[in-house]
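Enquirer:
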Amino acid sequence: MLLHVKHLKKSYSGAEGSVPVLRGIDMEVAAGETLALTGESGSGKSTLLHLIGGLDTADSGLIELDGQDITAMDDTQRAAVRRTRIGIIFQQFNLIPSLDIAANIAFQARLAGTYDVGSTDDLAKALGLATHLRKYPEQLSGGQQQRVAIARALAARPQLILADEPTGNLDESTAADVMSQMLALVAQTGAALIMVTHSPRLAGQMGRHLHLRQGLLA
Amino acid sequence: MTATGLSALWSHWRRNPLQLFTLVAGLALATALWSGVQAVNAEARASYDAAAATLGEGQYDQLLPAVGSDIAQETFIALRRAGWLVGPVVEGQIGPAGTQVRLVGIDPLTAPGGLGPVGGGSMDLPQFLSEQPVFANAATAAKLEGLIDAPLVIEPTIAPDTAITDIFVAQRLLGAQGRLNRLILAPEQPVGRPALENIAPDLTRRAAQGGSDVGRLTDSFHLNLTAFGLLSFAVGIFIVHGAIGLAFEQRRAMVRTLRALGMPLRRLIVLMASELLVLALIGGVLGVSLGYIVAATLLPDVAATLKGLYGAQVSGALQLRPAWWLSGLAISVLGTAIAATGALISVARMPLLASAQPRAWATYRARVRQIQMAVSVALLATALILVLVGEGLVMGFGLLACLLIGAALALPLVLDGMLWLASVRARSVVAQWFWADTRQQLPGLSLALMALLLAMAANVGVSTMVSSFRLTFTGFLDQRLASEIYVSAQSVQQARALEAFAAPLTSEVLPLLSVEATLAGLPAELYGARIGATYRDNWGLLAAAPNVWDSVAAGDALLVNEQLARRAGLWVGDDLRIGPQTVLPIAGVFGDYGNPIGQAIVSEPLFSTLHPQVTALRFGLRTDDAEALRNALTDDFGLPAGNITDQAQIKAFSLAVFERTFTVTAALNVLTLSVAGFAIFMSLLTLAGMRLPQLAPAWALGMTRRRLGQLELMRAVVLAVLTTACALPLGLALAWVLLAVVNVEAFGWRLPMYVFPRDYAVLGLFALAAALLAAAWPARRLARTPPADLLKVFANER
Ligand SMILES: Nc1ncnc2c1ncn2[C@@H]1O[C@H](COP(=O)(O)OP(=O)(O)OP(=O)(O)O)[C@@H](O)[C@H]1O
Ligand SMILES: [Mg+2]
Numbered sequence: 003m004l005l006h007v008k009h010l011k012k013s014y015s016g017a018e019g020s021v022p023v024l025r026g027i028d029m030e031v032a033a034g035e036t037l038a039l040t041g042e043s044g045s046g047k048s049t050l051l052h053l054i055g056g057l058d059t060a061d062s063g064l065i066e067l068d069g070q071d072i073t074a075m076d077d078t079q080r081a082a083v084r085r086t087r088i089g090i091i092f093q094q095f096n097l098i099p100s101l102d103i104a105a106n107i108a109f110q111a112r113l114a115g116t117y118d119v120g121s122t123d124d125l126a127k128a129l130g131l132a133t134h135l136r137k138y139p140e141q142l143s144g145g146q147q148q149r150v151a152i153a154r155a156l157a158a159r160p161q162l163i164l165a166d167e168p169t170g171n172l173d174e175s176t177a178a179d180v181m182s183q184m185l186a187l188v189a190q191t192g193a194a195l196i197m198v199t200h201s202p203r204l205a206g207q208m209g210r211h212l213h214l215r216q217g218l219l220a
Numbered sequence: 003m004t005a006t007g008l009s010a011l012w013s014h015w016r017r018n019p020l021q022l023f024t025l026v027a028g029l030a031l032a033t034a035l036w037s038g039v040q041a042v043n044a045e046a047r048a049s050y051d052a053a054a055a056t057l058g059e060g061q062y063d064q065l066l067p068a069v070g071s072d073i074a075q076e077t078f079i080a081l082r083r084a085g086w087l088v089g090p091v092v093e094g095q096i097g098p099a100g101t102q103v104r105l106v107g108i109d110p111l112t113a114p115g116g117l118g119p120v121g122g123g124s125m126d127l128p129q130f131l132s133e134q135p136v137f138a139n140a141a142t143a144a145k146l147e148g149l150i151d152a153p154l155v156i157e158p159t160i161a162p163d164t165a166i167t168d169i170f171v172a173q174r175l176l177g178a179q180g181r182l183n184r185l186i187l188a189p190e191q192p193v194g195r196p197a198l199e200n201i202a203p204d205l206t207r208r209a210a211q212g213g214s215d216v217g218r219l220t221d222s223f224h225l226n227l228t229a230f231g232l233l234s235f236a237v238g239i240f241i242v243h244g245a246i247g248l249a250f251e252q253r254r255a256m257v258r259t260l261r262a263l264g265m266p267l268r269r270l271i272v273l274m275a276s277e278l279l280v281l282a283l284i285g286g287v288l289g290v291s292l293g294y295i296v297a298a299t300l301l302p303d304v305a306a307t308l309k310g311l312y313g314a315q316v317s318g319a320l321q322l323r324p325a326w327w328l329s330g331l332a333i334s335v336l337g338t339a340i341a342a343t344g345a346l347i348s349v350a351r352m353p354l355l356a357s358a359q360p361r362a363w364a365t366y367r368a369r370v371r372q373i374q375m376a377v378s379v380a381l382l383a384t385a386l387i388l389v390l391v392g393e394g395l396v397m398g399f400g401l402l403a404c405l406l407i408g409a410a411l412a413l414p415l416v417l418d419g420m421l422w423l424a425s426v427r428a429r430s431v432v433a434q435w436f437w438a439d440t441r442q443q444l445p446g447l448s449l450a451l452m453a454l455l456l457a458m459a460a461n462v463g464v465s466t467m468v469s470s471f472r473l474t475f476t477g478f479l480d481q482r483l484a485s486e487i488y489v490s491a492q493s494v495q496q497a498r499a500l501e502a503f504a505a506p507l508t509s510e511v512l513p514l515l516s517v518e519a520t521l522a523g524l525p526a527e528l529y530g531a532r533i534g535a536t537y538r539d540n541w542g543l544l545a546a547a548p549n550v551w552d553s554v555a556a557g558d559a560l561l562v563n564e565q566l567a568r569r570a571g572l573w574v575g576d577d578l579r580i581g582p583q584t585v586l587p588i589a590g591v592f593g594d595y596g597n598p599i600g601q602a603i604v605s606e607p608l609f610s611t612l613h614p615q616v617t618a619l620r621f622g623l624r625t626d627d628a629e630a631l632r633n634a635l636t637d638d639f640g641l642p643a644g645n646i647t648d649q650a651q652i653k654a655f656s657l658a659v660f661e662r663t664f665t666v667t668a669a670l671n672v673l674t675l676s677v678a679g680f681a682i683f684m685s686l687l688t689l690a691g692m693r694l695p696q697l698a699p700a701w702a703l704g705m706t707r708r709r710l711g712q713l714e715l716m717r718a719v720v721l722a723v724l725t726t727a728c729a730l731p732l733g734l735a736l737a738w739v740l741l742a743v744v745n746v747e748a749f750g751w752r753l754p755m756y757v758f759p760r761d762y763a764v765l766g767l768f769a770l771a772a773a774l775l776a777a778a779w780p781a782r783r784l785a786r787t788p789p790a791d792l793l794k795v796f797a798n799e800r
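Chains G and Z supply the protein sequences, listed in that same order. Taken in order, the first sequence gives residues 3 to 220; the numbers are from the working numbering. Taken in order, the second sequence gives residues 3 to 800; the numbers are from the working numbering.
1. Once DSSP output is grouped into helix, strand and coil, what is the label at Z:V330?
2. Apply the 10 Å Cβ neighbour rule to Z:A630 and answer buried if 16 or more other Cβ atoms are within range, or exposed otherwise.
3. Who are the neighbours of G:L57 on chain Z, taking C-beta pairs under 8 Å?
4. Round the Cβ separation of Z:L623 and Z:V511 to the nearest angstrom and send it over; I've been treating them as touching at under 8 Å.
5. With a threshold of 7 Å, establish whether the CB of G:V198 neighbours any heavy atom of ligand 2.
6. Quick check: is the beta carbon of Z:A319 nearer than 8 Å to any beta carbon in chain G?
7. Using only the alpha-carbon positions, how far apart do G:L4 and Z:L415 sit?
8. What does a CB cutoff of less than 6 Å around Z:A457 pick up in its chain, not counting 5 residues either side in sequence?
9. Does any heavy atom of ligand 2 sit closer than 7 Å to the C-beta of G:S48?
10. 8 Å is my cut-off, CB to CB: does G:Q148 come that close to chain Z?
11. With a threshold of 8 Å between beta carbons, is Z:T6 in contact with chain G?
12. Buried or exposed for Z:W422, going by 16 or more other Cβ atoms inside 10 Å?
13. Within 7 Å: the Cβ of G:D58 and any heavy atom of ligand 2?
14. Count the other CB atoms within 10 Å of the CB of Z:S605; is the residue buried (16 or more) or exposed (fewer)?
15. Should Z:Q492 go down as buried or exposed, given a rule of 16 or more other Cβ atoms within 10 Å for buried?
16. Any beta carbon from chain Z within less than 8 Å of G:S13's own beta carbon?
17. Checking the sheet assignment: what are the DSSP bridge partners for Z:F592?
18. Cβ of Z:S509 within 8 Å of Cβ of Z:R620?
19. For the beta strand (DSSP E) containing G:M29, name the first residue and the last one.
20. Just tell me which of Z:R83, Z:G107, Z:L686, Z:M420 has its CA closest to the CA of Z:G94.
21. For Z:F436, which residues in the same chain have their Cβ closer than 7 Å to its Cβ, ignoring the five residues on either side in sequence?
22. At what residues does the beta strand (DSSP E) containing G:R215 begin and finish?
23. Residues of chain G with a CB under 7 Å from the CB of Z:H14: which are they?
24. Mind pulling the beta strand (DSSP E) runs of 3 or more residues that sit fully within the segment 599–653 of chain Z?
25. Residues of chain Z with a CB under 7 Å from the CB of G:I90: which are they?
26. Would you check if the distance between the CB atom of Z:A84 and the CB atom of Z:R195 is smaller than 8 Å?
27. Determine the extent of the alpha helix (DSSP H) in which Z:V2 is found, giving its start and end residues.
28. Look up Z:L1 in the DSSP assignment and give the residues it is bridged to.
29. Any C-beta of chain Z sitting closer than 8 Å to the C-beta of G:Q183?
30. Among Z:R181, Z:A777, Z:I682, Z:E147, which residue has its Cα nearest to the Cα of Z:Q75?
31. Does ligand 1 have even one heavy atom less than 7 Å from the beta-carbon of G:G41?
32. Between Z:T24 and chain G, is any beta-carbon pair separated by less than 8 Å?
33. Tell me the DSSP secondary structure of Z:I79 in three-state form.
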């Protein structure tokens, strides 16, 4: 089992006191498995991905990635896990504006020390970015930028990819294109994928489907 | 990973070279400001010290012949043999009347100051001994050209109309073989050497004189320059702080992405810190070089100032000292460290997830504001307490620091209050938006505005101080150097003869009578004065009873100097005991700038009854024709030229030189202001990028980009005007602290403060111009922002 989440709880303290968002999540993801995560707005989907990615810390519970509990890790160790085992495709952590597309794609792989020119070029080609490599992010359209983020996540050869509404800002047909490219590439690399989406159609293309409601998985 | 992280951090600068330029330029300018002022200060001080170490007549005790003007060479040899550490000096006039040059011969091996006046470094001892040149400044050397057969070497540090050479050369040129005029005593003499009476009974010892006065005044000038240096440092810190804060602000999003992709926070902070260190070093090197250029441009004037004003010889050539490099780089690095600590801490605390950010950031800002207000109030309260109860020089500087930092921290809050008042009164919708938007801009601009506040305050403070100093000093010179010529006699007989000789040739002969005394329990001097037109017309008093001169002349009252009055807690009307049976009321207090100890003045007759054994050896002579009197004294009376001082000339020179002090201060003022202006420019430019989201809605709702640009310019003017309004009272407070607190604590006298509204108005205009210049380009850029960029703001909104 690649990922093992047990009794995961998280609440935010707001003006009206502590608001529970995740109230005990249990889930397992096998290596290479693809999983769709759906749920109403505000149900805690992004929060769950943040916790699994080690970007935020849980109140209680356990997140085991490849046998290692990331809830017990300090900041530096969690950074190492993100760097080497996880690929993130979030709208929040977009591209580095001062680096060109080639450097952006290679960035995480370089950080992780797994950079390989050949496979990076293949990725760029597969995602239709080959002619944009010397451009800067501001010169690309939204869909192109999203594809760069996907290439960046895949280039680092992670075991687990976390995607938070990667096509949320794209029109229907572009979203479908990007999505099928992504799924094909993920299948090639053998990484597991957890993707948040609002689209039942996209969820249907994934291997498994989980629905988040009132802080619990259904 | 390190390399990848660095390349990402660096790529930001590569893509935004302007931001890199402003950061490095900010660092360089701050360092330049500091090291320029330091350089001027240090060089002047070093040169002054070197000058003090020369054979300058006032610096050392000397042996003079009791009768006549010559000492036999044998007497010198006998003294040396007996263990006395004395250096021989021969001097005389050379050249045709009117363009005479005073030729001084010294023995470099025995003169206490070593090579003395030629210590500037251009000549070493073996050269001096082997080539035996004559040293003089360029003008003097021109006069000597063709007149003497020894080689001439130009040495700019030597006093006008004076030439210095080896004693044998001087004796030969003066035709005075085997003769000496005086012997300089080294400060440290061996113990157990035989008494002077036993070896050279016909020599009298003259104590070092004048040196301490010069030293004290020089110190005052330096202290004030140091204060200016500290102020410029403060301004520099604010600028560096602003530059670095903005550099971090701009890379916030990138830092977050780097961390999300797996760059550990600690590594990231180390990388950012090293990046800053490198930038600080680059900025520091540029800054020290720039400071050197500034100082080199300014220094000739400073040198002339000190030289003329205090009789100190200041080397005109600026040497690049290793210490400056170190201190300049240290300041740059230290300033960066101070400024960066806060920024790095905020990076460390910054939540990784942006969704958690806005609210956290807002509360952080609010907390910083509260802390800022509390610290400001505490500092200003401390300043007030220090004014009321503090004592000592450290307190004075502490007071300065509390006042300035407290005021700077209070500025954003005060400005915010003013803008709030304006926004409440605004009628039109554009005006309301303008004021509200300006308030929103305040946090981003506040550091630059603080720098402007400090720069302006420093300018007002320092120029007030220098102008007050000048006014006071001009008056002081007029009263103290009233006599056209001062002469000193070598014996009582000669003094009597001199007085009789001079009386018919002069309008007044003023004997300088004094004894050391203990007054009010303090070491002091008691002077006897021949009260006449000179005193009545020239002496201004800080405080006086009615008919002060009449009562002093009648022997019914006395005058004391400010130092004695302040230290002993006496003032006009109080009594002072000056003899066993003599207690007189104080009728007046006079300013005595530069004198370290207390002084009291009584009338000449009263002085003679108190101290009948003291007769005057020095006289001030009043005359309309100084040249004729001087000639009569040397040619007809036979007084050596070295015993005559032409004070009118010195005074004119001193005053001319004080004017040049102004040039220096003015230049430093302009420099400080330009640095502050640059800080504003930098902040505006950086803010401009972050402002698009705030401006885009206004644009979308129908304001033209041109109008937005105009408003942007107007905002800079409004903020500069408001800041200037705050800076004026702060600057005056600063001047008051410098003149009335720091100077009193350091030197015992208080410089009266004068106010110069016209100067302040000009300064205000300068500040305005600086703000306008700084705002012009960012505003223009804003006015030309492509609509696409404004649209992007909406595109990115989720
Ligand atoms: N930093 C925060 N502080 C306080 N409350 C938060 C914070 N982040 C999220 N929340 C709250 O936690 C709940 C879950 O948020 P989350 O972003 O996980 O929802 P989501 O399922 O991703 O919604 P969406 O589909 O709209 O993206 C929401 O009610 C949100 O208001
Ligand atoms: Mg979400």
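Every residue, glycine too, gets a C-beta built ideally from N, C-alpha and C.
Expert: Taking the geometry as given:
1. Reading the sequence as shown, one finds Gly at residue 330 of chain Z and not Val. Z:G330 falls in the helix class under three-state DSSP.
2. exposed
3. A262, L354, L355
4. 6 Å
5. yes
6. Below a pLDDT of 50, predicted positions are generally treated as unreliable, and Z:A319, at 48, falls in that range; no measurement from the model is reported.
7. 55 Å
8. V237, T674, L675, A678
9. yes
10. no
11. Put simply, the CB of Z:T6 is near chain G, with a gap under 8 Å to one of its CB atoms.
12. exposed
13. For G:D58, the CB stays at least 7 Å from every heavy atom of ligand 2.
14. buried
15. buried
16. no
17. Looking at the DSSP assignment, Z:F592 forms a beta bridge with Z:N563.
18. It is not a contact, given that the beta carbons lie outside the stated cut-off.
19. 19–31
20. Closest in C-alpha terms to Z:G94, from the list Z:R83, Z:G107, Z:L686, Z:M420, comes Z:G107.
21. L713
22. 210–215
23. S100
24. Runs found: 600–605, 620–624, 646–648.
25. Those are A262, listed as they occur along chain Z.
26. yes
27. The displayed coordinates of chain Z run from 3 to 800. Any statement about residue 2 of chain Z would go beyond what the structure contains.
28. Only positions 3 to 800 of chain Z appear in the structure, and residue 1 of chain Z is not among them; the question remains open.
29. no
30. Z:R181
31. yes
32. False, the Cβ-Cβ gap to chain G never drops below 8 Å.
33. Helix at Z:I79.
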